[in-house]
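Quick note, the numbering used here runs 53 ahead of the 1-based positions in the sequence shown.
Glycine residues also receive a C-beta, built at the ideal position from the N, C-alpha and C atoms.
Quantities reported herein were computed from a predicted structural model and do not represent experimental measurements.
This report concerns only the one structure given below.
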Amino acid sequence: MTSRFAVLLTVCLLIGTVPAGVVGAGSGGAGVPVTTDREVAVSAPSPSISTDARGGSTTMADADDVMHRTTELRHLPDRPGEFEAEMTFEIPEPMSALEIELDSEADVRSTMGFEATEKGTYKWTEETDAPSIRFRMPADRRGDGARDGEESPAAGTMTDAAAGGGGYTFVDTGEWGIVQVPDVGITFRRDSSVEIGIERTVTVDGPGAAGTSIAVFGPVTEYERAVDGGTVTLAVPDAADLRERPADILESIADADERLDVGSREKEMLFVAAPTDVDWGPRGIQYGESDAWVAADAPLDEASNVWLHEYVHVRQGFADRDVASDARWLVEGGAEYYAALLAYEQGRISFTEFRDELERGERSPYADGALADRTTWSDPDTDYVKGPLVYGDLDRRLRAATDGDRRMDDVLRQLNAQNSRVTAADFLAALEEMGGTGVRDAAETYTRTTATPDAWSQLEHRAAFDQPRAAIEYGLGPAPLEVAGQEWERWDRDDLAGPAADVGRGDVLAVPVGQRVAVPVAMANDDDRAGTADASLQVDGDIVDADRRVLEAGATATTVLSWTPTDPGVYDVRVGTDRLTVFVRSTPSLTVTDLQAAPDSVAPGDPVTVTATVATADPFPAAGALRIRTAEETTIAEPIALAPGETGSVEATISFAGDGRHEIGVSDRSTTVRVGGIGSNLESMPGFGVAAGAVAIGLVVAIAAVGRRRRR
């Protein structure tokens with residue numbers, strides 16, 4: 054599964070001479086003076102900032118706080134084993150420099166607006182606002198991703214490459230191909246007062262289909278199914294002989310989506326039915342955050358259901374991050390267990406088939422290894438075979454210990470919500486918190502020693518799995534949302550004009566990047582038994598905050614969950630079944646149309662009210678916290694949000710200590726105030742012109758290393 058991560062290196066440089074009292078755009082709270090200098094930053098996208106799009110349209114075209122990156126893939130039928138990619142970058146105005154680093158195997162064929170550097174990267178020449186680069190990539194991969202005929206890279210990119218048998222994981226035959234979508238390392242420079250998001254679009258030039266991480270070349274038929282606010286697409290190449298009906302595959306995945314309440318939902322998922330006339334290693338691979346391929350002849354009516362196995366991987370958000378070696382077995386063990394359990398609950402297999410699948414873990418060589426210690430395994434598939442037996446036994450024990458109130462789904466949800474490396478200690482702590490010391494003790498025994506549980510009987514299964522859970526509902530509460538500690542407006546999408554009305558679901562709001570968003574939540578237990586409420590705030594399927602509490606029968610409760618967005622973009626925000634579409638914006642989304650200071654003549658130390666009139670800079674909702682600059686300090690005004698086409702005003706109170714005429718700048722507007730006597734000297738901001746820049750520059754460098762993990 055794809056794991057995107059950023060390694061941050063910070064370097065501060067002082068450039069030029071800094072005149073006394075000159076202050077540029079720094080950072081600080083609303084209405085608070087800022088004493089840092091204006092910065093120019095070179096940075097790279099963080100793990101989840103971008104809006105991913107399938108097809109040819111982008112969500113926020115023309116927005117100046119978003120860079121659009123389009124990847125167009127081309128099949129090369131006369132060159133089997135290779136394909137071509139062309140990446141185009143639409144540069145927003147606040148971005149002053151861009152440098153990209155391609156995969157080491159990329160064979161660059163042409164560039165427009167890029168030039169090669171001595172360190173092997175490509176630098177934007179600023180000759181065009183839409184630079185592009187065209188290159189070829191090897192298509193054929195074996196094992197953990199190495200090029201066909203080469204040894205695998207040292208860094209493991211597949212959970213268990215040996216289990217793949219050395220066959221293909223990606224391949225192009227000339228007639229058709231299933232390939233990895235190439236990625237790129239990005240470094241850019243921007244004003245420190247501006248955040249820039251990344252919006253990515255992947256397309257295929259010609260017959261084919263593309264997700265965000267997997268693409269298919271050749272004639273293909275696509276089938277779609279809506280699932281809980283998202284879409285699952287099944288792409289079937291003409292070269293594939295699909296064993297099951299597309300509708301049945303999509304129905305099985307949709308049913309699994311409804312049953313697994315574990316967070317980590319993706320808005321767009323792509324499953325590819327892979328033709329079976331090549332030497333595949335595994336029977337399926339989930340790659341990236343939301344894409345997978347499965348052998349076209351894989352059946353639905355078996356315990357080792359590959360379609361469901363790969364779908365479960367999509368929902369294991371914790372595995373996108375680094376997982377400690379003593380917890381890695383949870384990835385494949387959990388996927389195999391849920392594939393069998395879901396197939397049984399869907400009526401596709403009998404209980405005997407379900408139990409037979411789990412019983413495999415009781416036998417040698419799999420039973421001879423301790424799951425948390427890979428060095429004890431005599432078979433590399435121990436996590437696939439013993440793992441589901443132990444995972445399932447703990448699920449049964451947890452349900453029995455809590456009268457059905459808690460199950461392993463809840464443990465998986467908690468691990469998904471953990472914004473850090475998952476370890477065995479985290480797993481054990483979650484089990485103890487939910488099920489008590491008895492469940493934890495069993496987990497320690499069956500994961501840290503070679504002890505192995507027995508598969509349970511159908512009677513034991515019914516006793517644990519057929520217990521009802523309390524019907525607890527939660528959603529948006531009646532209190533207003535708050536942003537940066539103040540009540541915040543949200544709009545009915547039917548009242549909006551322009552493209553924003555067609556994006557996402559639910560009410561719409563715009564929030565400034567970096568500001569805390571507080572969401573009121575209401576919970577109600579409508580059942581006649583006590584139960585645990587699991588209220589969570591999900592952003593693009595990821596759990597960013599949660600509140601778990603026991604509610605007695607008929608009881609209600611409220612809470613507040615929060616999220617602080619770090620990058621501009623469009624986000625799907627969910628609380629229960631309620632949805633919001635949130636446009637996270639930076640200051641370029643606002644245009645300052647007028648700037649006034651009153652009074653325009655004051656005594657030293659007296660207050661001056663600065664009023665900036667603002668409008669939206671593009672067709673989308675806008676938000677930001679404007680910086681009011683003088684030669685003495687920078688003040689950040691209270692944040693503001695505007696619906697498309699709306700205007701508003703921002704006020705802040707400042708003062709000056711010394712006599713003279715003082716310049717005030719907001720964005721590209723300026724005005725002056727006379728302080729004290731008639732003096733004629735203007736206290737302006739050197740290097741700004743009309744509030745346009747600063748001499749002091751702080752340089753912040755962030756280097757993004759982009760990697761991918763696949764799970765079989």
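- Residue range 643–651 is occupied by the beta strand (DSSP E) that includes residue 649.
- As the crow flies, the alpha-carbon of residue 442 is around 15 Å from that of residue 395.
- Per DSSP, the unbroken alpha helix (DSSP H) holding residue 392 starts and ends at 382–398.
- Given a length threshold of 3 residues, each whole run of the beta strand (DSSP E) inside the segment 653–689 is given here in chain order: 661–669, 675–677, 680–682, 687–689.
- Three or more Cβ pairs closer than 8 Å define a contact, and the segment 521–528 meets that threshold against the segment 452–465.
- Your pair residue 265 and residue 342 checks out as a contact, with CB atoms roughly 7 Å apart and the cut at 8 Å.
- Residue range 267–270 is occupied by the beta strand (DSSP E) that includes residue 270.
- Restricting attention to beta strand (DSSP E) runs no shorter than 3 residues, the segment 538–582 encloses them at 560–565, 570–578, ordered along the chain.
- Look at residue 299 here: in three-state DSSP terms it is helix.
- Annotated as distal: residue 317 and residue 622, with beta-carbon spacing of 9 Å or more.
- The residue from 345, 297, 369 with its alpha-carbon nearest to that of residue 313 is 369.
- Note on geometry: alpha-carbon atoms of residue 193 and residue 225 lie some 6 Å from one another.
- Residue environment: residue 510 is assigned as exposed (fewer than 16 neighbouring CB atoms within 10 Å of its CB, all protein chains considered).
- Contact holds between the segment 114–128 and the segment 143–157, because three or more Cβ pairs, one in each stretch, are under 8 Å apart.
- Of all alpha-carbon atoms in 428, 726, 355, the one lying nearest the alpha-carbon of residue 658 is that of 726.
- With contacts defined as CB atoms closer than 9 Å, residue 570 and residue 635 qualify as a contacting pair.
- With 16 or more other Cβ atoms from the protein chains shown falling within 10 Å of its own Cβ, residue 578 counts as buried.
- With a contact defined as Cβ atoms closer than 8 Å, residue 326 and residue 295 qualify at about 5 Å.
- Three or more Cβ pairs closer than 8 Å define a contact, and the segment 374–390 meets that threshold against the segment 430–444.
- DSSP, read as helix, strand or coil, puts residue 113 in coil.
- In the DSSP assignment, residue 154 forms a beta bridge with 238.
- Of 154, 699, 160, the smallest CA-CA separation from residue 171 is found for 154.
- Between the segment 596–608 and the segment 465–479, the count of C-beta pairs closer than 8 Å reaches three or more; the two stretches touch.
- Here residue 231 has 223, 224, 267, 269, 325, 327, 346 as same chain residues with Cβ atoms under 7 Å from its own Cβ, once five neighbours each way along the sequence are excluded.
- Nearest to residue 279 by alpha-carbon distance, out of 272, 293, 310, 259, is 310.
- For residue 684, the closest of 452, 487, 112, 707 by C-alpha to C-alpha distance is 707.
- Contact between residue 625 and residue 320 holds: their C-beta atoms lie close to 6 Å from each other, under 8 Å.
- Taking 9 Å as the cut-off, the beta carbon of residue 674 is found closer than this to the beta carbon of residue 642.
- Residue 293 is not a Cβ neighbour of residue 380, given a cutoff of 9 Å.
- Distance between residue 423 and residue 502, taken at the CA atoms: about 5 Å.
- The segment 688–708 makes contact with the segment 650–669; the number of CB pairs closer than 8 Å reaches 3 or more.
- For residue 631, the enclosing beta strand (DSSP E) has its first and last residue at 631–638.
- A direct Cα-Cα distance of roughly 51 Å separates residue 408 from residue 160.
- In the three-state DSSP reduction, residue 706 falls in the strand class (E or B).
- Rounded to the nearest angstrom, the gap between the Cα atoms of residue 373 and residue 465 is 13 Å.
- Each residue's CA atom was taken as its position, placing residue 712 and residue 568 some 36 Å apart.
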